[in-house]
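The structure under discussion appears below in the form of structure tokens.
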Ligand SMILES: [Zn+2]
């Protein structure tokens with residue numbers, strides 16, 4: 778069984794995307810779902826979301842501080858982007874997963890996340 782840190786990006790003070798969705802609301806819903814699924818599968822999952830940081834830097838520092846209190850196998854940050862216009866070219870919508878290093882163990886997990894979401898119909902923008 779693994780140990781995971783999961784957090785929704787941004788907060789109400791320093792919000793993220795907001796055209797066709799409210800990123801803060803949606804990433805917290807997804808974060809709660811991911812944590813519930815991990816825990817239901819027997820993993821340990823911590824919610825490291827920050828709702829009090831007053832700047833982008835403070836928000837990130839608070840998230841990192843929470844994550845660093847656990848010895849986790851993976852740190853997972855949930856985000857959504859919002860494109861104002863979907864040109865239908867597959868470049869503005871889809872799934873992408875950023876990893877710190879292509880040599881990290883997160884790289885293989887990121888590829889699986891992209892593949893699973895692509896199977897649901899999202900354009901696979903790949904691991905970056
Ligand atoms: Zn974001």
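Residue numbers (the working numbering): 778 to 905. Yeah, the Cβ is synthetic: ideal placement off N, Cα and C, and Gly gets one too.
Among the options, nearest to residue i - alpha-carbon criterion
i           : options               : result
residue 821 : 783, 827, 842 and 839 : 783
residue 894 : 885, 871, 878 and 905 : 871
residue 877 : 892, 852, 793 and 787 : 852
residue 859 : 798, 810, 779 and 791 : 798
residue 904 : 788, 885 and 790      : 885
residue 789 : 810, 800, 817 and 901 : 800
residue 818 : 902, 780 and 807      : 780
Separation of residue j from residue i, as counted between CA atoms
i           : j           : result
residue 827 : residue 802 : 13 Å
residue 833 : residue 882 : 27 Å
residue 837 : residue 793 : 13 Å
residue 823 : residue 812 : 7 Å
residue 839 : residue 830 : 7 Å
residue 796 : residue 787 : 15 Å
residue 873 : residue 841 : 21 Å
residue 892 : residue 848 : 27 Å
residue 854 : residue 785 : 6 Å
residue 890 : residue 809 : 17 Å
residue 856 : residue 902 : 14 Å
residue 880 : residue 845 : 21 Å
Heavy atom of ligand 1 within 7 Å of residue i beta-carbon
i           : result
residue 794 : yes
residue 856 : yes
residue 786 : yes
residue 800 : yes
Residue i, enclosing beta strand (DSSP E) - first and last residue
i           : result
residue 788 : It is not in any beta strand (DSSP E) - residue 788 carries neither H nor E in the DSSP assignment.
* Taking only runs of the beta strand (DSSP E) that begin and end inside the stretch 812-883, which ones reach a length of at least 3 residues, in chain order? -> Within the stretch 812-883, the complete beta strand (DSSP E) runs of at least 3 residues are 821-824, 851-855 and 872-874.
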